[in-house]
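Under the UniProt record's numbering, the letters of the sequence shown match residues 2 to 140, in that order.
Backbone N, C-alpha and C fix where the C-beta goes; we use that ideal spot for every residue, glycine too.
Note that the coordinates shown come from a computational prediction; the quantities given were computed from them, not determined experimentally.
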Amino acid sequence: AIERTLSIIKPDATKRNLTGKINAKFEEAGLRIVAQKRIHLSAKQAGQFYAEHAERGFYGELCEFMASEPVVVQVLEGEGAILKNREVMGATNPANAAEGTIRKEFALSVGENSVHGSDSPESAAREISFYFSGLELVG
Ligand code: CMP
Numbered sequence: 002a003i004e005r006t007l008s009i010i011k012p013d014a015t016k017r018n019l020t021g022k023i024n025a026k027f028e029e030a031g032l033r034i035v036a037q038k039r040i041h042l043s044a045k046q047a048g049q050f051y052a053e054h055a056e057r058g059f060y061g062e063l064c065e066f067m068a069s070e071p072v073v074v075q076v077l078e079g080e081g082a083i084l085k086n087r088e089v090m091g092a093t094n095p096a097n098a099a100e101g102t103i104r105k106e107f108a109l110s111v112g113e114n115s116v117h118g119s120d121s122p123e124s125a126a127r128e129i130s131f132y133f134s135g136l137e138l139v140g
């Protein structure tokens with residue numbers, strides 16, 4: 002089925018001017034960027050977005066990192082987009098990421114791992130509506 006998923010190009014990647022190279026990976030995989038904007042999150046906003054991780058030891062560090070530089074938030078659309086995007090990103094820890102994936106090529110560490118992608122249809126719906134209104138999704 003055609004799906005939509007929420008993607009974030011994280012501060013380590015925007016800082017190193019990798020937005021275009023990362024978007025090329027999505028487009029080469031057949032994912033369409035149907036919404037995209039550059040924003041600078043506050044640590045509080047990052048905390049709301051990552052609320053499911055609030056009890057984890059890395060939560061504070063994660064929120065500070067996500068607020069450290071601008072991010073690019075985007076909606077990717079395509080056949081099986083949620084799983085496809087996770088394949089294009091590669092494993093969360095770049096040490097475990099497969100050859101050719103975004104995290105293998107660009108990520109610096111498990112925290113500074115260049116991209117985020119929704120992990121299920123339920124999170125995709127929540128995460129897309131966290132950043133975008135319906136009017137901003139242009140299929
Ligand atoms: P993401 O897919 O954005 O979802 C939660 C993020 O937490 C994850 O990517 C990682 O970047 C980050 N994360 C996971 N484990 C750790 C860790 N041990 N230390 C720092 N950040 C982590």
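Any heavy atom of ligand 1 closer than 6 angstroms to the beta-carbon of residue i?
i	result
Phe59	yes
residue 175	One cannot answer for residue 175 here, as it falls past the ends of the chain, which runs 2 to 140.
Val74	no
residue 149	The first residue shown for the chain is 2 and the last is 140, placing residue 149 beyond what the model contains.
Val89	no
Gly112	yes
Thr93	yes
His41	no
How should residue i be labelled, buried or exposed, when 16 other C-beta atoms within 10 angstroms of its C-beta is the threshold for buried?
i	result
Ala99	exposed
Pro12	buried
Asn114	buried
Ala123	One point to set straight first is that residue 123 is Glu, not Ala, in the sequence displayed. Looking at its Cβ environment, which holds fewer than 16 other Cβ atoms inside 10 Å, Glu123 is exposed.
Leu7	buried
Glu29	exposed
Ala108	buried
Ala52	exposed
Phe131	exposed
Arg57	exposed
Arg5	buried
Lys26	buried
Phe59	exposed
Exercise for the section: Please specify which runs of the alpha helix (DSSP H), each continuous and at least 4 residues long, are wholly inside the stretch 48 to 115, giving them in chain order. Expected result: Within the stretch 48 to 115, complete alpha helix (DSSP H) segments of at least 4 residues are found at 60 to 67, 82 to 90, 103 to 107, given in chain order.
Problem - Contact the stretch 101 to 114 vs the stretch 19 to 36: 3+ CB pairs below 8 angstroms - result: In short, these stretches touch, since the Cβ pair count reaches three.
Practice task
State whether the stretch 79 to 99 contacts the stretch 56 to 70, with contact taken as three or more CB pairs (one from each stretch) at a distance under 8 angstroms.
Solution key: Put simply, the stretch 79 to 99 does not touch the stretch 56 to 70. Fewer than three CB pairs are less than 8 angstroms apart.
Handout entry: the stretch 74 to 84 contacting the stretch 126 to 140, beta-carbon criterion three pairs below 8 angstroms
Key = With a cut-off of 8 angstroms, the stretch 126 to 140 and the stretch 74 to 84 count as touching, because enough Cβ pairs lie within range.
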